[in-house]
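Each residue of the sequence shown is one higher than the one before, counting from 761 in our numbering. Even glycine gets a Cβ: it sits at the ideal position worked out from N, Cα and C. Worksheet: one structure, shown below.
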Amino acid sequence: MPSYRSFHEAEGCPFAGLRDTGRKVSVNRFLPPVKPQDIICIGLNYRAHADELKLPYPKNPVVFMKPTSCAAGHGHPIVAPRVSEKMDYEVELAVVIGRECKDVTPEEAMDYVLGYTCANDLSTRDWQKLPELSGSQWCRSKSFDGFAPLGPVLATKEEIPDPGALRVQTFVNGVQMQDSTTRDLIFSVPEIISFLSMGSRLQPGTVILTGTPFGVAEGRSPQPWLKPGDRVAVEVEGIGRLENTIVADSSSARCFHVPKL
761 MPSYRSFHEA EGCPFAGLRD TGRKVSVNRF LPPVKPQDII CIGLNYRAHA DELKLPYPKN
821 PVVFMKPTSC AAGHGHPIVA PRVSEKMDYE VELAVVIGRE CKDVTPEEAM DYVLGYTCAN
881 DLSTRDWQKL PELSGSQWCR SKSFDGFAPL GPVLATKEEI PDPGALRVQT FVNGVQMQDS
941 TTRDLIFSVP EIISFLSMGS RLQPGTVILT GTPFGVAEGR SPQPWLKPGD RVAVEVEGIG
1001 RLENTIVADS SSARCFHVPK L
């Protein structure tokens, strides 16, 4: 795991302004770099990813939500749900909204961005694909606890002047599984923000996941589903490396009967 251990201490709020105290501090445990107000996700937003799944390019952004309970930090263990056999990884550029916006144009959208972080839109493909489990919706398949790791840090929009030209990668146990750039996005970051703001107020702290590129387990043969013990790292150029380990579900909870997958 990368060594992020020493940081400059800052006081204040990232949405209202921060002041460098001049002190350095050590960090033993990472929280998500922002406490999400909402987690809004865009699906099927890379051309090559749509191609690998043999799906047409969407005419408008495909939108779904994750509960904020999905948020996890760099280094946090992620529990593999016992009710799924097809857990998948998805590297994504995450956009963090810095101030309230509604009905903004693409030309105005970047004025409302605080910064960016790495995200892993973890998914269970069996729950995503089977109507009897998902109700033909994506949300449940992507909403298990910890299924939205974020981090390791928040890069400001000044540090990332062009979010449309960033390399994004995934590694599982050190093996590269995804490697693309945000140039392949179907809908750009400004277009996504504008679309989501139509008639809906985006609050400071809203996290927007912008889609994943080619190379997911679902599109491979054989399909290398994630399993306990796997180390998953996602990287976004200019931000850093977000790494988590998949662990087995050790709970003794009983729930309703799940159909055989």
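Inset, instruction - Measure the Cβ-Cβ separation of Pro793 and Leu914 and say whether it is below 7 Å. - result: Yes, the pair counts as a contact, with Cβ atoms nearer than the cut-off.
Inset, instruction - Use the C-beta contact count for Phe767: other C-beta atoms within 10 angstroms, 16 or more gives buried, fewer gives exposed. - result: By the 10 Å Cβ count, Phe767 comes out exposed.
Inset, instruction - Go through the stretch 807-880 residue by residue and report every complete run of the alpha helix (DSSP H) that reaches 4 residues or more, in order. - result: Qualifying alpha helix (DSSP H) stretches, in chain order: 807-812 and 866-869.
Legend entry - contact_flag[the stretch 778-791, the stretch 825-840] where n(CB pairs < 8 Å) is 3 or more: Taking 8 Å as the limit for Cβ pairs, the verdict is that the stretch 825-840 does touch the stretch 778-791.
Inset, instruction - Tell me whether the beta-carbon of Cys861 lies closer than 7 Å to the beta-carbon of Leu962. - result: Going by C-beta atoms, Cys861 is nearer than 7 Å to Leu962.
Legend entry - Distance, Glu771 Cα to Ser844 Cα: Taken atom to atom, the span from the alpha-carbon of Ser844 to that of Glu771 is near 42 Å.
Inset, instruction - State the beta-bridge partners of Arg991 as determined by DSSP. - result: Answer is Thr1005.
Inset, instruction - Assuming Asn1004 contacts Pro909 (C-beta within less than 8 Å), just tell me the rounded distance between them. - result: 5 Å between Cβ atoms; contact.
Legend entry - Contacting residues, own chain, Cβ-Cβ under 7 Å from Gly998 (five flanking each side not counted): Correct list, in chain order: Ala915, Glu919, Ile920 and Leu926.
Inset, instruction - Hey, could you find the ends of the alpha helix (DSSP H) Pro973 is sitting in? - result: Run containing Pro973: none; DSSP gives neither H nor E here.
Inset, instruction - Pick out whichever of Ser1010, Ala810, Ser940 and Gly924 has its Cα sitting closest to the Cα of Arg819. - result: The sequence given here places Lys at residue 819; Arg does not occur at that position. Cα-wise, what sits closest to Lys819 is Ala810.
Inset, instruction - Quickly, what does DSSP pair Arg927 with across the bridge? List them, please. - result: Answer is Thr941.
Inset, instruction - Please say whether Phe775 and Gly906 have beta carbons closer to each other than 7 Å? - result: Using a Cβ distance threshold of 7 Å, Gly906 and Phe775 do not count as a contacting pair.
Inset, instruction - Using beta-carbon positions only, say whether Cys878 and Val992 come within less than 7 Å of one another. - result: No, the Cβ-Cβ distance between Cys878 and Val992 is not below 7 Å.
Legend entry - Own chain residues within Cβ distance below 8 Å of Gly959, not counting five before or after: Within the same chain, Gly959 has close Cβ partners Lys862 and Asp863.
Inset, instruction - Look at the alpha carbon of Gly989 and the alpha carbon of Val855, and state the distance between them as a whole number of angstroms. - result: One C-alpha to the other measures close to 29 Å.
Inset, instruction - State the Cα-Cα distance for the pair Gln938 and Tyr849, rounded to the nearest angstrom. - result: Spanning the two alpha carbons is a distance of roughly 9 Å.
Inset, instruction - Sort out for me which residues DSSP pairs Leu962 with in a bridge. - result: Partner residues in the beta bridge of Leu962, as assigned by DSSP, are Cys861.
Legend entry - Cβ neighbours of Gly1000 in the same chain (closer than 6 Å, five flanking residues each side left out): The residues are Pro912 and Val913.
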